[in-house]
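J.:
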Amino acid sequence: MRDLWPFVRLFWPQRIWIAGGLLCGLATMVASVGLLALSGWFLSAAAFAGLSALSAKEFNFFTPSAGVRGFAIMRTGGRYAERILSHEATLRLLAALRVWFYRALEPLAPATLQRYRSGDLLTRIVNDIDTLDNLYIRVLLPSVVALGVATLAGAFLWWLHPSLALVFWLFVLLAGLALPTFSSHLGYRVGKVMQLHSARLRTHIVEDVQGLADLKVYGAEANHRQRVLRESEALLKQQERMARISGFNNAMLTLLSGLAALVALFIAIPMTQAGHFDGAMLALIAFGILAAFESVMPLPLAWQYLGRTMESARRLLEVIRQRPAVTFNDQLDNMTPSEPSISFQQVSFTYPAGTVALQDVDLHIAAGEKVAIVGPSGSGKTTIAHLLSRFWDPRRGTITIGGCDLRHLSEVQLRDTVTLVSQKSHIFCATLRDNLLLANPQADEATLWQTLERAQLHDFVKALPEGLDTWTGEGGSRLSGGQARRLILARALLKNSPIWILDEPTEGLDTTTEQQFLHTLFANMGGKTLVLITHRTSELARMDRVCFMVDSRVEAVGSHAELIQQCERYRRFVGMSS
Ligand SMILES: Nc1ncnc2c1ncn2[C@@H]1O[C@H](COP(=O)(O)OP(=O)(O)OP(=O)(O)O)[C@@H](O)[C@H]1O
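If you use UniProt numbering, the sequence shown corresponds to residues 1 to 578, in order.
Have a look at this one:
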């Protein structure tokens, strides 16, 4: 239950809508009970009155029929208002929950979120948050309405005779408390397991759809289909169990409401004979009890789904209670880097999984310098880019930009100073314009076209029928590799930060496109500081210096020519024999 408290706090801003929904729900139910009870009494009383001409003449038809009409109108109006208010409350709660969860996710990206599969995260954001809806619409609303109706109906029966109220409350307690407790006990585990299977099923499906091309190529579709089928069958089994519990609940509820009316009649009949009230009141009591039980009907289902709701709450909290790999202190924006120089002093870093990625790295890059970082695969090059972007902090040592420790810069300052372009840079499934404006939302039309010109994309975009409003497709799938790289470069140009880190920006491009891309890049560098991480050796002579990394350490730093002269390993790395 503790897991639900953080979510209950999110309900507070929507209290007006929630309270409105609850009040209208209660009014509707009271009107329903009143309508059925009064109608029953009216018909019976009219029948009794019709037995003699005198009593028929004296019988007041108008007040009860006005009451029946009044209750009918109140029930219809109340239901309409209740639906509107509770839908409004639910949608607002959903929006608040999604925004709250997304905000909590942001500081966890990218380091901590690597632990989760994308399908799993999607399920948490969509399904688990939807399931939390149950808390208001299926638990809170029916519970409050049932409590209100049971109190009011019981008070009325007490006024008729206390024993009638006691019988009614006894059966209400059985149906509204004992049965839900029992079914929540039965449904708790089933609900939990059901939520788990449904999350797994979605994760598998998302993953399989993403990797469908590879599954086809390797003929592994059948295996993966089996995996989805197995998960689907496991989910169906749990759904079947849940349906059986629901069926049992419904049967018990009908039995208990019938028994309550029967026992009440059993007590009330002698009272009519003793002259406590007339015979028509028997219809009012029986119909009133049956109608009041309708408010108790949704309770077992609500409690039965509580397991599912709590499992969803647990899954959401599990993600957002993770500690971010880095925390920015945005109070610290009084420190400003004096110049775009970079310094790594004795920096060591180990990934949480235990892989040592950097050891005692010392590297100093002057403002405006262009430095390539090269080395065998796994030597720690990308880790340098990630530490400079503060996706992680070093375990030991200090990284400074313009003399400021990276940990003393606010996030805004750091992002304004350093732009990271990598082969994994994401192209959003949106228009070309949206993808560009991401870097600078204020950029006007003329600036966008100038930037495209600088990135050599101008002619391509101009020839498109929809120009800047052309859709890029998922991950830029409607663009060629070279166009996608240039779009990412254009985005970096729009950002115009003084330090650029490019991690394998030409990966996957053919030599001609790569040359064109690098040409565009160098033409646009101006006085920026450039850190270029690359496997390609063709451009190294154009760089001011090269940092050669081997086994998580800096092996040598110098100009390409110097390293060729001085470092045997470097010579071998660039493919030159000594
Ligand atoms: N997120 C991560 N979690 C755990 N280990 C990681 C992670 N990223 C990288 N590593 C490990 O850290 C080491 C350095 O990786 P890094 O990506 O920095 O190397 P690299 O030189 O850029 O390699 P490549 O040239 O293949 O891209 C490798 O052994 C790698 O397996």
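The C-beta atom is built at its ideal place from N, Cα and C for all residues, glycine as well. These figures come from a predicted structure and were not determined experimentally.
Which first and last residues belong to the beta strand (DSSP E) in which Thr529 is found?
T.: Note, Thr529: beta strand (DSSP E), Thr529 to Ile533.
J.: Taking Val172 as part of the alpha helix (DSSP H), name the residues at either end of that continuous run.
T.: Per DSSP, Val172 belongs to the alpha helix (DSSP H) from Pro162 to Leu173.
J.: For Ala280, which residues from the same chain have a beta carbon less than 7 Å from its beta carbon, with the 5 sequence-adjacent residues on both sides left out?
T.: So the qualifying residues of the chain are Trp41, Ser44, Ala45 and Phe48.
J.: Could you name the residues whose beta carbon sits closer than 5 Å to any heavy atom belonging to ligand 1, keeping them in chain order?
T.: In chain order, the hits are Tyr351, Ala353, Thr355, Ala357, Ser377, Gly378, Ser379, Gly380, Lys381, Thr382 and Thr383.
J.: Whole angstroms are fine: how far does the CA of Pro465 sit from the CA of Glu453?
T.: Taking the straight line from one Cα to the other gives about 18 Å.
J.: Around the Cβ of Ala372, are there at least 16 other Cβ atoms within 10 angstroms (buried) or fewer (exposed)?
T.: Buried, since its Cβ has 16 or more Cβ neighbours within 10 Å.
J.: So, is Tyr218 buried or exposed, given that buried needs 16 or more other C-beta atoms within 10 angstroms?
T.: With fewer than 16 other Cβ atoms within 10 Å, it is exposed.
J.: Check Ser578 in the structure and name its three-state DSSP category.
T.: Confidence at Ser578 is low in this model, with a pLDDT of 44, below 50, so its placement is unreliable and the value that follows should be read with caution. Ser578 falls in the coil class under three-state DSSP.
J.: How many Å lie between Phe360 and Gly380 at the Cα?
T.: The question names Phe, but residue 360 in the sequence shown is Asp. The straight-line gap from Cα to Cα measures roughly 12 Å.
J.: Tell me whether Gln346 sits in a helix, a strand or coil according to DSSP, three-state version.
T.: It is a strand residue.
J.: So what does DSSP say about Lys216, is it helix, strand or coil?
T.: In the structure shown, Lys216 sits in a helix (DSSP, three-state: H, G or I).
J.: Which residues mark the beginning and the end of the beta strand (DSSP E) in which Glu555 is found?
T.: Per DSSP, Glu555 belongs to the beta strand (DSSP E) from Arg553 to Gly558.
J.: Please tell me whether Ser348 and Leu358 are closer than 8 Å, where the distance is taken between their beta carbons.
T.: Against a cut-off of 8 Å, the Cβ pair of Leu358 and Ser348 comes out as a contact.
J.: Pull up the distance between the alpha-carbon of Arg485 and that of Asp551, whole angstroms please.
T.: Distance between the alpha carbons of Arg485 and Asp551 is about 29 Å.
J.: Is there contact between the stretch 501–520 and the stretch 414–422, where contact requires at least three CB pairs shorter than 8 Å?
T.: These segments touch.
J.: Which residues in the same chain have their Cβ closer than 7 Å to the Cβ of Lys495, if we skip the five residues on either side of it in sequence?
T.: Excluding residues within five positions, the ones whose Cβ falls inside 7 Å are Thr419, Ala439 and Asn440.
J.: Using C-beta distances below 6 Å, list every residue in its chain close to Thr513, excluding the 5 sequence neighbours before and after it, in chain order.
T.: Closer than 6 Å at Cβ, skipping near neighbours: Gly482.
J.: Do Ala302 and Val139 have their CB atoms nearer than 8 Å?
T.: Going by C-beta atoms, Ala302 is nearer than 8 Å to Val139.
J.: CA-CA distance, Ser578 and Arg569?
T.: Any reading at Ser578 is ruled out, since the residue's pLDDT is 44, under 50, leaving its predicted position unreliable.
J.: Which one of Gly378, Gln14 and Gly475 has the shortest CA to CA distance from Ala96?
T.: Looking at the Cα atoms, Gln14 is the closest of the given residues.
J.: Identify the continuous alpha helix (DSSP H) that holds Arg454 and give its terminal residues.
T.: First-last of the alpha helix (DSSP H) with Arg454: Glu445 to Arg454.
J.: I'd like the list of long-range same chain contacts for Ile488, defined as Cβ closer than 6 Å, with 5 residues on each side in sequence excluded.
T.: Result list for Ile488: Val421 and Ser425, in chain order.
J.: Closest by CA to Trp169, which one among Ile137, Glu82 and Ser257?
T.: Comparing Cα-Cα distances from Trp169 to each of Ile137, Glu82 and Ser257, the minimum goes to Ser257.
J.: Considering only residues of the stretch 431–516, which uninterrupted beta strand (DSSP E) runs meet the minimum length of 3 residues and lie entirely inside it, listed in chain order?
T.: Fully enclosed beta strand (DSSP E) runs of 3 or longer: 499–503.
J.: Reducing DSSP to helix, strand and coil, say where Asp133 ends up.
T.: Coil at Asp133, not helix or strand.
J.: Can you tell me whether DSSP reads Cys547 as helix, strand or coil?
T.: If DSSP states are grouped into helix, strand and coil, Cys547 belongs with the strands.
J.: Are there 16 or more other CB atoms within 10 angstroms of the CB of Gln456, so buried, or fewer, so exposed?
T.: By the 10 Å Cβ count, Gln456 comes out buried.
J.: Mind reading off the beta-carbon distance from Ser143 to Leu299? Whole number of angstroms is fine, and I expect it under 8 Å.
T.: About 7 Å separates the two Cβ atoms, so the contact holds.
J.: Buried or exposed for Trp17, please, with buried defined as at least 16 other CB atoms from any protein chain shown within 10 angstroms of its CB.
T.: That one is buried.
J.: What residues in its chain sit with their C-beta under 6 Å from that of Val190, if we drop five residues either side in the sequence?
T.: Answer for Val190: Gln238, Arg241 and Met242, listed in chain order.
J.: The alpha helix (DSSP H) spanning Gly247 covers which residue range?
T.: Glu221 to Gln273 is the extent of the alpha helix (DSSP H) around Gly247.
J.: For Arg15, which of helix, strand or coil comes out of DSSP?
T.: Helix, per DSSP.
J.: Identify the residues that DSSP records as bridge partners of Cys404: which are they?
T.: Cys404 pairs with Ile401.
J.: Taking only the alpha-carbon atoms, compute the straight-line gap between Leu262 and Ser163 and give it to the nearest angstrom.
T.: Roughly 14 Å between the two C-alpha positions.
J.: Hey, is the stretch 174–185 in contact with the stretch 59–68, meaning 3+ C-beta pairs nearer than 8 Å?
T.: Contact fails: fewer than three Cβ-Cβ distances are below 8 Å.
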